[in-house]
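*Asks:* Quick note: the sequence shown uses my numbering, first residue 4, plus one each step. Glycine included, each C-beta is placed from N, C-alpha and C at the ideal position.
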Amino acid sequence: MTSALDAGDFGAFAEHSATLPSSWYRDPAVWRLEHEAIFYRTWWYLGHVSDVPRGGDYLTGRIVDQNVLVTRGHDGVLRAFHNVCSHRAHPLLEGCGNTAFITCPYHQWTYGTNGRFRNGRGCEPLKDWTAGNADLKPVRLEDYGGFLFVNLDAGAIPLIDQAGRFLEDMRRACPRLPDLVRACRWEVDVAANWKTVIDNNHECYHCDANHRSLMELVDYDGKAAWSDDGITFSHRIAARDLDNSAYRLDAADVEQREALFGYIWPTAIPLMYPGSPHLAMFQVLPTGPETTRERWDFYFTSREPSDLERRFMDYVRTVLVAEDVRLCENVQQGLHSLGYRQGRFVVDRDHPEYSEHHVHFFQSMVLDSLKSVTA
């Protein structure tokens, strides 16, 4: 395991550092270690308050191999739990919906929407057992500007304490953020390690050659406003041309005139583009040492997207994401080459829109996290 974590020439300063070794993007041992070091200790986007507006509403999700549910109790309180029955470990709920009680489909043990055990047939005569011991095990939950994040680490620092500045960036970019509701979700599988996908989304050095329509839409050559804050960063960019090949914009429809590209460690990438008030939550879901699922949730002010919003979603799905998936899958193949072990970061802090120092920022967090469980 020690050899698997040899970082080679990776260093503390991006200007002098090599990238993380290619083996870290392929090795099942590193993948397993990331569960304990990263996945089980960090904040993961799961949904939105508008998904669970009524008492009894619930939604479910996963943090890699861990099944989690969020409920709005009949008392109006949002809570999160491990989605597993305390009796014999059967999952409790699937998908999303509304329920008066949470009932296990296996043996019909029943819980309140507040997670408290209610009843289970034959439990009364059990010795050395109390009903309170069967309550669902809680998971940390945080409402982050309406977006629901969960964390399996009971002692984790609150997300708002780590990412407060970025939330303000989102509110400035989209003053109607509280009005947004999820209108669409779609997913795509990528034959690449999750870090390959994050690396690609942390720089636009590749954009001129590979995202030409995007470069017509936003002004990367203009002044870009960067904000770094602990586990997040954001990049605000002005719109360039309403008449572009990405998606047609009419001046009367453009309420958001900036693009905002952000990141919340480790897997959430909130995005805003010129157009109507919206936010696209791009989540990178690790599924294996060399496989990833991308989940895209689109939030607008109505669950019925306008023509502009449909054009925007169609562009993201059929053009922008397709371009990046091709790049990531090609890189993942290259990471198997005997002719490649580590690369270098191109760093230009005078022109951060083309610099790779945020890739180094991300890879440093990966390295520090893995060191924390192997020291």
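Going by other Cβ atoms of all chains shown within 10 Å of its Cβ, with 16 needed for buried, is Ser358 buried or exposed?
*Replies:* Locating residue 358 in the sequence shown gives position 355, counting from the first residue. The residue is buried, with at least 16 neighbouring Cβ atoms inside 10 Å.
*Asks:* To the nearest angstrom, how far is it from the Cα of Ile66 to the Cα of Leu373?
*Replies:* Position 63 of the sequence shown, counting from 1, holds the residue named residue 66. Position 370 of the sequence shown, counting from 1, holds the residue named residue 373. Ile66 and Leu373: Cα-Cα distance of roughly 18 Å.
*Asks:* Straight-line CA distance for Gly337 to Cys99?
*Replies:* Looking up residue 337 in the sequence shown gives position 334. Looking up residue 99 in the sequence shown gives position 96. Going by the C-alpha atoms only, they are around 39 Å apart.
*Asks:* In angstroms with no decimal places, state the Cα-to-Cα distance between Lys226 and Arg243.
*Replies:* Locating residue 226 in the sequence shown gives position 223, where the first residue counts as 1. Locating residue 243 in the sequence shown gives position 240, where the first residue counts as 1. Bear in mind that a pLDDT of 48 at Lys226, under 50, signals an unreliable position, so the model cannot answer this.
*Asks:* Using a Cβ-Cβ distance cut-off of 8 Å, determine whether Tyr208 contacts chain C.
*Replies:* In the displayed structure, chain C is absent; only one protein chain is listed.
*Asks:* Tell me the start and end of each unbroken beta strand (DSSP E) in the segment 210 to 259 that is at least 3 residues and wholly inside, in chain order.
*Replies:* 228 to 232 and 235 to 241
*Asks:* Going by CA-CA distance only, name the one from Val55, Ala271 and Thr294 that's closest to Asp30.
*Replies:* Position 27 of the sequence shown, counted from the first residue, corresponds to residue 30. Considering only alpha carbons, the answer is Thr294.
*Asks:* Which same chain residues, not among the five before or five after Glu206, have their C-beta less than 6 Å away from its C-beta?
*Replies:* Position 203 of the sequence shown, counted from the first residue, corresponds to residue 206. Result list for Glu206: Glu359 and Val362, in chain order.
*Asks:* Could you give the residue range of the alpha helix (DSSP H) that holds Cys331?
*Replies:* In the sequence shown, the residue the question calls residue 331 occupies position 328. Segment Val324 to Gly337, the alpha helix (DSSP H) holding Cys331.
*Asks:* Does the separation of the CB atoms of Tyr302 and Leu288 fall below 8 Å?
*Replies:* Against the sequence shown, residue 302 aligns to sequence position 299. Against the sequence shown, residue 288 aligns to sequence position 285. For Tyr302 and Leu288, no; Cβs fall outside 8 Å.
*Asks:* Can you tell me which of the three DSSP states Val319 falls into?
*Replies:* Reading the sequence shown from its first residue, position 316 is the one you call residue 319. Val319: helix per DSSP, three-state reduction.
*Asks:* Quick check on DSSP: helix, strand or coil for Gln69?
*Replies:* Residue numbering aside, residue 69 sits at position 66 when the sequence shown is read from its first letter. Note: Gln69 maps to strand in three-state DSSP.
*Asks:* According to DSSP, is Thr377 helix, strand or coil?
*Replies:* In the sequence shown, the residue the question calls residue 377 occupies position 374. Thr377: helix per DSSP, three-state reduction.
*Asks:* Got a sec? Which residues, its chain only, sit under 7 Å from Tyr114 by beta carbon, not counting five neighbours each side?
*Replies:* Translated into positions along the sequence shown, residue 114 becomes position 111. Excluding residues within five positions, the ones whose Cβ falls inside 7 Å are Phe104, Ile105, Phe120, Arg121 and Leu139.
*Asks:* In this structure, does DSSP put Val287 in helix, strand or coil?
*Replies:* Within the sequence shown, numbered from 1, the residue matching residue 287 stands at position 284. It is a strand residue.
*Asks:* Is Phe169 helix, strand or coil when you go by DSSP?
*Replies:* Walking along the sequence shown from the start, residue 169 turns up at place 166. Phe169: helix per DSSP, three-state reduction.
*Asks:* Looking only at its chain, what residues have a beta carbon closer than 7 Å to the beta carbon of Ile201, apart from the 5 residues adjacent to it on each side?
*Replies:* Residue mapping note: residue 201 aligns to position 198 of the sequence shown, counting from 1. Once the five neighbours on either side are set aside, the close Cβ partners of Ile201 are Val287 and Phe365.
*Asks:* Specify, as a first and last residue, the run of the alpha helix (DSSP H) that Pro145 falls within.
*Replies:* Counting from one through the sequence shown, the residue named residue 145 turns up at place 142. The residue you asked about is not Pro; residue 145 is Glu in the sequence shown. It is not in any alpha helix (DSSP H) - Glu145 instead sits in the beta strand (DSSP E) that spans Pro141 to Tyr147.
*Asks:* With Pro273 as the anchor, note down where its beta strand (DSSP E) starts and where it stops.
*Replies:* The residue you call residue 273 lines up with position 270 of the sequence shown. Annotation: the continuous beta strand (DSSP E) that includes Pro273 extends over Ala271 to Met275.
*Asks:* For the beta strand (DSSP E) that contains Glu297, what are its first and last residues?
*Replies:* Counting from 1 along the sequence shown, the entry for residue 297 is found at position 294. Thr294 to Phe303 is the span of the beta strand (DSSP E), which, as asked, contains Glu297.
*Asks:* By the DSSP assignment, the beta strand (DSSP E) with His51 in it spans what residues?
*Replies:* Taking the first residue of the sequence shown as position 1, residue 51 is located at position 48. Segment Trp47 to His51, the beta strand (DSSP E) holding His51.
*Asks:* If you compare alpha carbons, which of Leu370, Leu341, Ala378 and Asp256 is closest to Gly14?
*Replies:* Walking along the sequence shown from the start, residue 14 turns up at place 11. Nearest of Leu370, Leu341, Ala378 and Asp256 to Gly14, Cα basis: Leu370.
*Asks:* Under three-state DSSP, which class holds Thr63?
*Replies:* Here residue 63 corresponds to residue number 60 of the sequence shown, with the count starting at 1. Thr63 falls in the strand class under three-state DSSP.
*Asks:* In the DSSP assignment, find the unbroken alpha helix (DSSP H) run with Val191 in it and report its ends.
*Replies:* As a first step, residue 191 is located in the sequence shown; it is residue number 188 there, counting from the start. Val191 -> not in any alpha helix (DSSP H); beta strand (DSSP E) instead, spanning Val184 to Val193.
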